[in-house]
Every structure is written in C-alpha cells, then in structure tokens.
Amino acid sequence: MPRLPVSFPLPLHTGRTALQRAERPAGLAVAAALATSIALTLAGCSTPVVKPSVDLPSNFAASTASEMEPEAAWWEVYHDPVLTDLVRRAARENRDVKIAAERLRAARAGETVSRSWLLPSVGASASGSDRSSGYNSATKQGYPDTKTAGVGLDVSWELDLSGRLRAGAAAANADALAAKDSMRGVRLLVMSDVVSNYFTLVGAQRQVATLRAISAMQDETLRLVTARQQVGLASAFDVERAQTDALSARAQIPPLETQAAVSRHRIAVLIADPSFNTANIQPSGGDVAAVPEAKPGQPAALLQRRPDVLALMAQVDAANARRQQAAAEWFPRLFLGASFGRQDLNLNGADLGAARFTNVAGLLAMPIFNAGRTQAINEAAESAQQEALLRAEDGIVRALEDVENALVTLAQERRRAGSLQLAAASAESAQNRAQSLYNRGQIDLLPLLDSQRARLAARLNANESNTRLLLDSVQLYKALGGGWQVFEQPATPTAATEATEADRPPLS
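Just so we're aligned, residue 1 is where the sequence shown starts under the UniProt record's numbering, counting upward by one.
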C-alpha cells in the first residue's frame, strides 16, 4: 500500500442557530469532496492476505481405510452405557468447558463492540440551572435571577474511509470464531480424558481380579505344599518358596487399587460431581470392550474436525484483518458530529421563551509526524500476521503427525495384544498340566511354581495390552478431533459469521 508522503489535519466546524439555517457550510462541502477523493484512492489499496499453504496427502500412510469417515459420537462404539453417560455428563457439566464458554461469550461481546463503531452513536443530554445573585451593597447594583433549562440530541459518527473500522470488526469476528473453536477443543480434551480414565479404571479392576484369582490358587498351592511337608513329602524350603510366590502376587494388588481410586477421582472432577461420589462410578460388567477398526477419513476432512487447527485458522483471519487495520493508520479519518435541541431562559421571573439550536461539525485528521509510531504499528501487525501463518501451518502438520502416530501405535499394539492373548492361553494350559503332574507326584514343586509365575505374568501382560489398546484407540479419536459436534445446538448463524466462515481458506 502506498504511503502518503504528506499528511495534514483539516478541521471543519459549522454551526447553525434558528436564525442561521439558510447558511450552507462551505467547509463541510469541501470535506465531503476531499473524503470522496480519498475513498477512491484507498479503494485501490490492499494489504497482503496470507493463507496457510500445506500440501496434504490424499490418504494417511498408516491406514487403508481412509475413505471411511470416523464416527461423530466415537465413545459409543465401545457399547458401554456407563461410559456414554459419563462422557455426556462431562461435556455438559465440566468446569473447564464452562470457562471456555465464558471466554466465547466475552469474545462475542467484543465483536459487538467493534461493529458498533461502524454506526453512528446517538446520545441525549439535559441541563438546568437556577441562579439567584441578589443585591451587591458595595456597588449598589443588583444582578438578575436566571433560570435555564435545555435538552439536546447528540450524534457522532466516524466515516470509515480507509476500512480501519471494518477491519477491526472482522478481526473481532475472527477472534470470536477462534474462541468458539477453542471451546470445542476443551470439550474434546475433557471427553477423551473421561474415556481414558474410565478404561484405566476398568483395566486396573481386571488386573486386581486376575491377581486375586491367581493369588487364591497360589494360596491353595501353599496349603498343599504345607500338608505334604507335614508328611515328609516336601521340604521347608518348598514351603517358603510357595509362600514367597503367594505373597508376591498379593503385594501387586494395592498399587492397582490405588490406580483405580485415582481414576475414579479424576472422573469425578471431569464430570463436575459436586459431592465427589466416586463410589458411584462403577464400570459396567461383562466382556472387555472391543476396539473398533480405525477409520481416520481423509486428511483434508481431518483439518475440518480438529478444533485446534480451526482456531489457528481463525487466528490467521484475525491477523489478516489487523494488518489491514494497521495499514489504515496511514490515511485520514473523518469525523462527523451534530447536536440538536432547545433551551429555555427565565430572567427575573420573566419567561423569554425557548430557542432552538443546531450544530453540525466535521473533522478530517491525518498524521504528519509521530516519531515512527505508525510504521512500528504496521511492522508489529505484519510480524503478528506471519507468526499466525506459521502457527497455522505448524498446527496442520502436527495434526497429521498425531493421526499417523496414533494409527501406527494402534496397529502395532493390536498385533502385540493378539500375541499376548495366545501366550496367556498357552500359559494357562501349561499351568493346568503342571498342577495335574504335581498332584500325581510326577514333578516336584519347582516346575509347578515356574508355571504359575509364567501364567501370572502372561495374564497380567495380556490384560495390560488390552487396556493399552483401548487407550491407544482413544488417542486416535482424540487426534482425529471429532465428537464436539454432538453437543452443539444447531443455530441460525448471523450474516457476519456466515461471511467469516465463507472466507476461511481451504486447507489444501
């Protein structure tokens, strides 16, 4: 945008009383003509509008099902009614979500304030006075008693010649969109935290149940070895080894119970339980939730679901608007004002009648010298614009990275879980056979204890892998960014919101 080499203020004031209405304000006509020429000059000026430029792949490298879009209510694919109820409660009641909603409310109020500057401001005024001066004995003069009363209507308006006010309103609208997307991101984080802690709680309970079952079996082995030792068929060393294994298995239970309690506490906070009734958070029984097949969809669609990317794109829009707003600081600003009203005067009790007044004024102001302040404002706006652009591009590639990593992690954990399940079944069979051989006296205690240890380790590893698989699937859904749409009420967007949404650049 060209910089005006010379700038000057041109104040124009005209006032008309009831006796001067026939006079035309020549200065205001000059200001209008000058404003028109300036507006035509500025019409050809524009500031650079930046948009993220990231090459998106057609499909995710770690998935062959990219044509299938993920479910919106993704927590329902686990078919757990308790989990579904907790997620919906957290999405509505969580305090972080409510805090984000208040930030959105403030941002929308700021948008209203910014748009209000585009329209004239109208105000009313009223005044009155009652002055009694009395008699001055020193000068032997009396002063009149006066009473005045007046009412008026004031109108002020800044004509947006350079688009500065429109750019400010556009920036405020983009800020409101960014706040809305940030609230969506908070809701997504809360929902994924609820699901992750729920599966952690379920996993800890399964591990505790496994340890208690195996511990009971080892207690029975200890009882059997003790009985054999009493009849001379086993040594005291055998009893001590069996006792060691039984106590070691039992010692693994308290940390898991602690983990379950911590998960309950966290869920209570996430759902904003005022009474902190963690005992009421009881997972539903039954089989372990099945992990659904990954359906990441297309990378371009991903970026329309990720609230963080949407917020970054809105911040780019805001930075573009503020760059335009800063560029407008080089150009004139035209202010118009008008006052209308009437005033009554009473002198020594005599009513002198009412006088109407009208005052119209115009002011055209331009900067001449401000020690580089305008240039610095533009440089700061340009820097903020480039920073917003880089942040948006970085957010896009990070979103793609998150999904690719989640897909790889989930696929590899699925393979690991399958192997561990087979290992657990094999260890179960081996332990049963070893127990049968020991009961018939065909093997001594050491192979039996070894088989019990292998069975315990295999079952615990299989349970842990299944929990890890569920958590990895949650991480994938979190990376995909969906779910927040379920909790948004459909509303009729304003014209400003529709325009801003339409101006969002395509992510390609």
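Note that the Cβ used here is the ideal one computed from N, Cα and C, for glycine as well.
* Could you give the distance in angstroms between the alpha-carbon of ALA423 and the alpha-carbon of SER248? -> 22 Å
* **Inter-residue Cα distance where the pair is ALA479 and LEU119** => 43 Å
* Can at least three beta-carbon pairs, one atom from the segment 463–476 and one from the segment 202–211, be found at a separation below 8 Å? -> yes
* Can you check DSSP and say which residues form a bridge with ASP351? => ASN346
* Would you kindly report the start and end of the unbroken alpha helix (DSSP H) that includes SER114? => 95–116
* Asked: Bridge partners of SER162, per DSSP?
  -> Note: SER162 sits in no beta bridge, so no partner.
* Bridge-paired residues (DSSP) for SER125 -> GLY152
* To do: Count the other CB atoms, across all protein chains shown, that sit within 10 Å of the CB of MET68; report buried if there are 16 or more and exposed otherwise.
  => exposed
* Of the residues GLN304, GLU464, MET366, which one's Cα is nearest the Cα of ARG333? -> MET366
* Measure from the alpha carbon of ALA376 to the alpha carbon of each residue in GLY395, GLU329, PRO52, GLU401, then state which is nearest. => GLU329
* To do: Decide if the segment 312–321 is in contact with the segment 173–185; the criterion is three or more beta carbon pairs, one per stretch, under 8 Å apart.
  => yes
* To do: Report yes if the CB atom of LEU363 is closer than 8 Å to the CB atom of TRP157, and no otherwise.
  => no
* Might you give, ordered along the chain, the residues of its own chain that have their beta carbon closer than 8 Å to the beta carbon of residue 509, omitting 5 neighbours on each side? => Limits of the chain in this structure are 1 at one end and 508 at the other, which puts residue 509 out of reach.
* Those residues which DSSP pairs with LYS147 across a bridge -> ASP130, ASN346
* Do three or more CB pairs link the segment 284–299 to the segment 49–60 at distances below 8 Å? -> yes
* To do: Let me know if GLU387 comes out buried or exposed under the rule of 16 or more other beta-carbons within 10 Å of its beta-carbon.
  => exposed
* Beta-carbon proximity check, ALA242 vs LEU211, cutoff 8 Å -> no
* To do: Please say whether ALA350 and GLN343 have beta carbons closer to each other than 8 Å?
  => no
* **Extent of the continuous alpha helix (DSSP H) run through GLU393** => 373–439
* Asked: Between the beta-carbon of GLN452 and the beta-carbon of GLN421, is there less than 8 Å?
  -> no
* Asked: Measuring CA to CA, which of GLU393, LEU407, ALA321 is closest to ALA170?
  -> ALA321
* **Rounded separation between GLU464 and ARG250 - CA only** => 18 Å
* Would you decide whether THR64 is buried or exposed? Buried here means 16 or more other CB atoms lie within 10 Å of its CB. => exposed
* What residue does the alpha helix (DSSP H) around HIS265 start on, and which one ends it? -> 253–270
* To do: Give every residue of the same chain whose Cβ lies closer than 7 Å to the Cβ of residue 511, excluding the five residues on either side of it in the sequence, and list them in chain order.
  => With the chain covering 1 to 508 only, the question about residue 511 has no answer from this structure.
* Asked: Nearest CA to the CA of GLN385: which residue from GLU401, MET313, GLU257, SER235?
  -> MET313
* Go to LEU445, then tell me how far its alpha helix (DSSP H) extends in each direction, as first and last residue. => 445–480
* Apply the 10 Å Cβ neighbour rule to PRO70 and answer buried if 16 or more other Cβ atoms are within range, or exposed otherwise. => buried
* Could you name the residues of the same chain whose beta carbon sits closer than 6 Å to that of THR184, not counting the 5 residues immediately before and after it, in chain order? => This sequence places Arg at residue 184; Thr is not what is there. If we look at ARG184 and ignore the five residues flanking it on each side, its Cβ neighbours are PRO307, TRP484.
* **Inter-residue Cα distance where the pair is ALA216 and ALA311** => 55 Å
* SER263 versus PRO447: straight-line alpha-carbon distance, rounded -> 38 Å
* Ignore the nearest five residues each way along the sequence and tell me which others in ALA101's own chain have a CB closer than 7 Å to its CB. => MET183
* Asked: For the alpha helix (DSSP H) that ASN277 lies in, which residues bound it at each end?
  -> Taken as a continuous stretch (DSSP letters only), ASN277 belongs to no alpha helix (DSSP H), as it is neither H nor E.
* Asked: ASN359 by DSSP, collapsed to three states: which one?
  -> strand
* How would you call THR47, buried or exposed, if buried means at least 16 neighbouring beta carbons within 10 angstroms? -> buried
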